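Notes to accompany the following structure.
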Amino acid sequence: MPECENCGSFVSRDYVRVFAPDGFENARVCPHCEDAIREGAAVRDARSRRVSSL
Numbered sequence: 001m002p003e004c005e006n007c008g009s010f011v012s013r014d015y016v017r018v019f020a021p022d023g024f025e026n027a028r029v030c031p032h033c034e035d036a037i038r039e040g041a042a043v044r045d046a047r048s049r050r051v052s053s054l
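Position 13, counted from 1, in the sequence shown is what full-length UniProt numbering calls 13; the numbers after and before it change by one each time, with no gaps.
Here is the structure:
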């Protein structure tokens, strides 16, 4: 089952296919991560805390 390498949350295979680099089986960062975000091909620390709308 794919998971986020940053926080360990479940992510779908489709999420990994779209947002992870080719050859990765897990996402490097997901929408649930409050401390990191994707910026282009890189992952960086978030400048401010993100609040989930769930």
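No residue lacks a Cβ here, since even glycine has one placed at the ideal position from N, Cα and C. Being a predicted model, the structure only gives us computed values, none of them experimental.
Residue i and residue j closer than 8 angstroms at C-beta
i: Val11; j: Cys30; result: yes
i: Phe24; j: Val16; result: yes
Where residue i sits in the DSSP three-state scheme
i: residue 76; result: Any answer about residue 76 is impossible in this case: the structure gives the chain only from 1 up to 54.
i: Asp45; result: strand
i: Phe24; result: coil
Assigned exposure category for residue i - 16 Cβ within 10 Å defines buried
i: Pro2; result: buried
i: Ala42; result: exposed
Residue i versus the options, residue with shortest Cα-Cα distance
i: Asp14; options: Gly8, Asn26, Asp35; result: Asn26
i: Cys4; options: Asp45, Arg28, Ala36, Asp35; result: Arg28
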